[in-house]
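Comments concern the structure below.
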Amino acid sequence: MPFYSNAEFAEKFVEEVMHWYCSDDHSNTQEEVARRMTDKYHVEFTVNDIREITQSTGFSHRIKPENSSKQIVLRLSKNLRDKIDKANPQKS
Numbered sequence: 247m248p249f250y251s252n253a254e255f256a257e258k259f260v261e262e263v264m265h266w267y268c269s270d271d272h273s274n275t276q277e278e279v280a281r282r283m284t285d286k287y288h289v290e291f292t293v294n295d296i297r298e299i300t301q302s303t304g305f306s307h308r309i310k311p312e313n314s315s316k317q318i319v320l321r322l323s324k325n326l327r328d329k330i331d332k333a334n335p336q337k338s
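The opening residue of the sequence shown carries number 247 in the working numbering; numbering runs sequentially from there.
Structure, rendered in structure tokens:
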């Protein structure tokens, strides 16, 4: 398993959330994504946590924003950052 710093892991985590939420192969609800991430990382992620990520990236009801290819910077709440840090397998 590769080593990820908290920032690198957070980036991978957000990419994984977006993959399950709205990729061409998958289209899950925020609730389904929260359940999947909770099961995988053994940290309780809520619908609101997933919504914080999906809405921050500009998605609304799985409709891609027109500038979806641009790099974005997310500002996540401290609560969500703490959960993501706790999910980092390097911290276990």
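A virtual CB, placed ideally from N, CA and C, is assigned to each residue, including glycine.
- Within 10 angstroms of the beta-carbon of Gln-301 lie fewer than 16 other beta-carbons, which makes it exposed.
- Residue environment analysis places Ala-280 among the buried positions, since at least 16 neighbouring C-beta atoms fall within 10 angstroms of its C-beta.
- With contacts defined by Cβ atoms closer than 9 Å, Leu-322 and Ala-256 form a contacting pair.
- With respect to Tyr-267, Gln-276 sits close: the two C-beta atoms are nearer than 9 Å.
- In this structure, Lys-329 lies near Asp-295, with their beta-carbon atoms less than 9 Å apart.
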